[in-house]
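This report refers to the structure that appears directly beneath it.
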Amino acid sequence: MYKLKLIFRYLLKRRIAWVSLAAVTLCTTMVLVVISVMGGWLRMFRASFHGLSGDVIVSAAHPTGFPYYGEMIDQIEKLPGVAPDGAVPIIRYFGLINIGDLKGMPVEVLGYPADKIAAVNQFSRSLFLQYQSLIERADDPESDLTAEQRDALRSEAAEHARRPSFSLLANVDYETAFRLHYPKANPALAKGARNWPGMVAGIGVLNIHKNETGKFVNRHEGLYRLPITLTVLPLGTERGVDLSSKSQRNYWIVDDSRTGVWQSDSRSVYVPFEQLQKDLLMAPQKWTDSDGNPIETPARTSEINIKVLPGHALDEVRDGVNRIVERVYLEHHVMAYAPPDVATWEETQRVWLGAIEKETVLVTVLFGIISLVAIFLIFCIFYMIVVEKTRDIGIIKSVGATSLGVAGIFLGYGLAIGIVGAGVGGGVGWLVVHYINELHAWLGRAMGVQIWNPEVYQFDSIPNTMEPRQVAIILAIAVISSVAGALVPALRAARLHPVEALRWE
Amino acid sequence: MGMTSPVPSDRPTPLPPPGATRPADALAASPVILRADKLDKIYRMGDSELPVLRKLDLEIRQGEFLAIEGRSGSGKSTLLHLLGALDAPDGGSVIHNGRDIGKMSSSARSRLRNIEFGFVFQFYHLLPELNVLENTLLGPMIELSVLGFRRRKRELRERAQTLLKSLEMDHRLKHRPWQLSGGERQRVAIARALMNQPKILFADEPTGNLDARTGRTIMESIERLHRDHGQTVVMVTHDRTLARQADRALILRDGRLADPAV
Chain U
49 MYKLKLIFRY LLKRRIAWVS LAAVTLCTTM VLVVISVMGG WLRMFRASFH
99 GLSGDVIVSA AHPTGFPYYG EMIDQIEKLP GVAPDGAVPI IRYFGLINIG
149 DLKGMPVEVL GYPADKIAAV NQFSRSLFLQ YQSLIERADD PESDLTAEQR
199 DALRSEAAEH ARRPSFSLLA NVDYETAFRL HYPKANPALA KGARNWPGMV
249 AGIGVLNIHK NETGKFVNRH EGLYRLPITL TVLPLGTERG VDLSSKSQRN
299 YWIVDDSRTG VWQSDSRSVY VPFEQLQKDL LMAPQKWTDS DGNPIETPAR
349 TSEINIKVLP GHALDEVRDG VNRIVERVYL EHHVMAYAPP DVATWEETQR
399 VWLGAIEKET VLVTVLFGII SLVAIFLIFC IFYMIVVEKT RDIGIIKSVG
449 ATSLGVAGIF LGYGLAIGIV GAGVGGGVGW LVVHYINELH AWLGRAMGVQ
499 IWNPEVYQFD SIPNTMEPRQ VAIILAIAVI SSVAGALVPA LRAARLHPVE
549 ALRWE
Chain A
854 MGMTSPVPSD RPTPLPPPGA TRPADALAAS PVILRADKLD KIYRMGDSEL
904 PVLRKLDLEI RQGEFLAIEG RSGSGKSTLL HLLGALDAPD GGSVIHNGRD
954 IGKMSSSARS RLRNIEFGFV FQFYHLLPEL NVLENTLLGP MIELSVLGFR
1004 RRKRELRERA QTLLKSLEMD HRLKHRPWQL SGGERQRVAI ARALMNQPKI
1054 LFADEPTGNL DARTGRTIME SIERLHRDHG QTVVMVTHDR TLARQADRAL
1104 ILRDGRLADP AV
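Each protein sequence line maps, in turn, to chains U and A.
Going by the working numbering, the first sequence runs without a break in its numbering and finishes at 553.
Going by the working numbering, the second sequence runs without a break in its numbering and finishes at 1115.
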């Protein structure tokens, strides 16, 4: 009973111990924030990178791509564990874009088959006009939309999520838009502009980004009336890039994409698969060799992305796909020095994920070491308190307290500081993590400081979720550390001789 | 200063009823409750040794008020600490109820200090974090578990308040030690020492830090406690006048006890 009473009183009255409390609180908060942000970063990386691709990917070893992908897809889709229509060809290449006369930049060009791409990745959910803006409007609590209207918006978004589109926007007069951008051009060309294909551009390509308040800027109606010229070097032969010619095609921006991965959003544009395949000369071609014999070159693609059904092992599907690729190559007598590579999505991102995992461990260890300072601080403060309370320890012992009981006071005191410090630190940590983007925006507004650079960290938002298991472990370590810091002083207090303690000056 | 009877507890007490007096022959017939046999105590400072107690023998009978007189540094407090299980002798033994205190475990000695013995020190030794009532309740708080204390809380509080009232401290229950005068602190220390109804009350220069008038009131309290309730008291003092107020007074000289008249 006396232990509880004294622990409670010491906690309230000994202000020096509040320094220990502050140290435990700060360390708990610090470690929680760091681990949550780093862990969240890793989780976001995994989720976002996974969202960019299928579960298993067949990748060409060369930019010219690989042939017979149609046959491969037919066989892959029959493999156990592969989702229905779950094998989709994608072309990944590089090009140069000119946005009107405003901006030119190199980009990664992705050719997506609009009718199938939703089966393998999260591209459709990254689109602003077709998905995100509809969900935002449906979920906007300040909007005066009826429940039916909100449901209609959600249904429309779900439909687009199943089948995204590169179609031109119905509400845009493309002839007028053309004349606006090219006032001196031949009017006949303006009519043709209505037939240009649509392109989706990453938000970074269109300079859409979060400002210091955390809100997206530069997204306006005029964006979707912008003509873009895409220049690519064709991949006409299997021998490589044809540097002697170029292919140029005009597109209209029909949507913008935010995958969350800045690396992708800042330099990727998406166009219809067939269009890009044609422009890169990867579509089937008929020609004659030097002896006049007709030759037919099969269509090629850069990748096949495969969606694996939940509960199926990716490695097994990967091995099955690998066998199919080898068999198709063998059947067609394709001689390849470097056949397509088959890998799971984690294997393709191994370098990135491995680096982040190591960084997370490193930062955690570093902050763990810093937290040792808190233990040392508790040790010093408790030692001071024990010295200061030596006579009181003698009094307590003279009234009958055992050595174990006296040790219990200081261990309990450490425990109390640990529990309170970990509790407060946990609460503060949760607040910081939960509102970290708002905090970051406020720092930007108040001091012009931008700590989280999306170009460095790949995401335009700081991860703000906490893993309950990690939180529990950190809080437990904080409590144990506090008790550990109090251990030696508690043992010293326990070993004090009552008479010497009573005579302490 | 009026003194009321402490509230009876469930602990059996050998004390006679209040108001009873103990004639000398009755005292001689009382059982010995604490005995020191050939006690030695030596203080060592580096290579030099300072023997404080030399083959000291002493018997303390139940209900006795024994005063041990001696000059400063004569070893009075040391003797009290040895008798009260606060310290261990270098030789000899202290026997309580037939058991050698030196051979008891540390926790058994702690229990002895908690249940059987009560201490009053010259410098009061109250805990500054606790108020008057809580300081008085320290013994039971150490003795009992949280649940045990909660179960007996009302009874213990009443007993503490009665004790404090008998010492005219009931108006200061919520005060902290630093808000009290020296005499008041010593009265709280007496209340704390009596809280667990100890068989022996050890008082180490209980008036040594007080002015003469306050010292007298403290001595009156101790005397009344002995006279009215038969409390066994062992008091050490350097003040011969105070020592004479006891049933028996001994002088500690050269590490041994002697009759002061000799």
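Yeah, the Cβ is synthetic: ideal placement off N, Cα and C, and Gly gets one too.
Proximal residues to residue i (C-beta, below 6 Å), its chain only, five neighbours per side dropped
| i | result |
| --- | --- |
| Pro537(U) | Phe430, Tyr431, Val434, Phe458 |
| Trp335(U) | Ile343 |
| Gly113(U) | Met330, Arg348, Thr349, Ser350 |
| Tyr222(U) | Ala241, Arg242 |
| Leu491(U) | Val497 |
| Arg540(U) | Val434 |
| Val480(U) | Val81 |
| Arg629(U) | Limits of chain U in this structure are 49 at one end and 553 at the other, which puts residue 629(U) out of reach. |
Through-space distance from residue j to residue i, alpha-carbon basis
| i | j | result |
| --- | --- | --- |
| Gln325(U) | Glu486(U) | 44 Å |
| Thr931(A) | Gly945(A) | 14 Å |
| Gly250(U) | Tyr117(U) | 27 Å |
| Lys164(U) | Ala386(U) | 28 Å |
| Gln518(U) | Ala403(U) | 20 Å |
| Ala455(U) | Ser959(A) | 14 Å |
| Lys437(U) | Ile64(U) | 13 Å |
| Pro867(A) | Ile948(A) | Confidence at Pro867(A) is low in this model, with a pLDDT of 36, below 50, so its placement is unreliable and no value can be given for it. |
| Leu997(A) | Ile443(U) | 17 Å |
| Leu1105(A) | Glu922(A) | 6 Å |
| Tyr58(U) | Ile426(U) | 14 Å |
| Tyr483(U) | Gly88(U) | 14 Å |
| Ser191(U) | Arg267(U) | 20 Å |
| Trp400(U) | Leu193(U) | 43 Å |
| Ala166(U) | Arg210(U) | 6 Å |
| Met92(U) | Pro511(U) | 7 Å |
| Lys126(U) | Glu379(U) | 18 Å |
| Leu52(U) | Arg62(U) | 15 Å |
| His1028(A) | Leu980(A) | 12 Å |
Outcome for residue i when other beta-carbon atoms lying within 10 angstroms are tallied against a minimum of 16
| i | result |
| --- | --- |
| Phe176(U) | buried |
| Asn259(U) | exposed |
| Arg173(U) | buried |
| Lys929(A) | buried |
| Thr874(A) | Unreliable placement is indicated for Thr874(A), whose pLDDT of 44 sits below 50; the coordinate value is still reported in the next sentence. Thr874(A) is exposed by the Cβ-count criterion. |
| Ser215(U) | exposed |
| Leu150(U) | exposed |
| Pro132(U) | exposed |
| His1024(A) | exposed |
| Ile417(U) | exposed |
| Gly872(A) | Below a pLDDT of 50, predicted positions are generally treated as unreliable, and Gly872(A), at 39, falls in that range; no measurement from the model is reported. |
| Pro993(A) | buried |
| Thr307(U) | buried |
| Val421(U) | exposed |
| Tyr50(U) | buried |
| Asp122(U) | exposed |
Nonlocal neighbours in the same chain, by C-beta distance under 7 Å from residue i, ignoring five residues either side
| i | result |
| --- | --- |
| Val217(U) | The identity of residue 217(U) in the sequence shown is Leu, whereas the question assumes Val. So the qualifying residues of the chain are Tyr272, Val302. |
| Gly453(U) | Lys51 |
Minimum C-alpha distance to residue i - residue among the options
| i | options | result |
| --- | --- | --- |
| Ser529(U) | Leu69(U), Pro275(U), Leu59(U) | Leu69(U) |
| Gly359(U) | Pro282(U), Thr76(U), Gln296(U), Pro128(U) | Pro128(U) |
| Leu887(A) | Lys1018(A), Arg1005(A), Gly937(A), Arg1040(A) | Gly937(A) |
| Ile147(U) | Pro235(U), Thr279(U), Ala391(U), Ser509(U) | Thr279(U) |
| Leu90(U) | Met514(U), Arg198(U), Gly533(U) | Met514(U) |
| Ala534(U) | Leu281(U), Gly477(U), Cys428(U) | Cys428(U) |
| Met78(U) | Ile522(U), Ala225(U), Tyr179(U) | Ile522(U) |
| His381(U) | Ser101(U), Pro111(U), Ala109(U), Pro115(U) | Pro115(U) |
| Leu1047(A) | Leu892(A), Thr989(A), Arg1007(A) | Thr989(A) |
| Glu395(U) | Ile83(U), Gly102(U), Val253(U) | Gly102(U) |
Close-in-space but distant-in-sequence residues of the same chain around residue i (CB under 8 Å, 5 per side omitted)
| i | result |
| --- | --- |
| Ser925(A) | His1091 |
| Asp953(A) | Ser946, Val947 |
| Val531(U) | Leu459, Gly462, Leu463, Gly466 |
Beta-carbon separation (whole angstroms), residue i vs residue j, contact threshold 8 Å
| i | j | result |
| --- | --- | --- |
| His208(U) | Pro275(U) | Contact flag wrong, Cβ pair sits at about 23 Å. |
| Phe918(A) | Val1041(A) | Incorrect: roughly 22 Å between the Cβ atoms, too far for contact. |
| Cys75(U) | Ser419(U) | 4 Å |
| Leu328(U) | Ile139(U) | 7 Å |
| Tyr160(U) | Tyr318(U) | 5 Å |
Beta carbon proximity, residue i to chain C, threshold 7 Å
| i | result |
| --- | --- |
| Ile467(U) | Looking for chain C here will not work: the only protein chains present are U and A. |
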